[in-house]
Amino acid sequence: MGLCSWIVFGFIVGLLARAIMPGEQKMGLIRTTLLGVGGAFVGGFLAALIRGGNWKSPSPAGFIGALLGAVVLLWLSELIAPSRRR
């Protein structure tokens, strides 16, 4: 995948992850895209752990793995730094 494809893929996955998670996430365009791209790598890492592959060099996951990875990242970010409500 080229750089532009990664950006578009990350944005779509990040938007879907934000739609799945309950509550309001205050993220802009760039953080949403980074969430999706990071989710692809987290999904690849988790897939490598589950199937017993080489976890030291995970490959990027497919769409479902990227979405699950992005949801995990979003959940972890809410645990670490919960959003403040007024």
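Quick note on numbering: the sequence shown equals residues 1479 to 1564 in the working numbering. The beta carbon of each residue, even a glycine, is placed where N, CA and C say it ideally should be.
A distance of 8 angstroms or more separates the beta carbons of Gly-1480 and Val-1515. Out of Cys-1482, Ile-1485, Gly-1517, Ser-1483, the CA that lies nearest to the CA of Arg-1496 is found in Gly-1517. In the structure shown, the three-state DSSP call for Gly-1501 is coil. Apart from sequence neighbours up to five positions away, the residues of its chain that approach Leu-1545 with a beta-carbon distance below 8 angstroms are Val-1491, Leu-1494, Ala-1495, Ile-1498, Gly-1517, Gly-1521, ordered along the chain. Ranking Leu-1513, Gly-1501, Ile-1485, Gly-1506 by CA distance to the CA of Val-1550 puts Leu-1513 first. For Leu-1507 and Leu-1527, the gap between their C-alpha atoms comes out near 30 angstroms. Going by C-alpha positions, Cys-1482 is about 11 angstroms away from Thr-1511.
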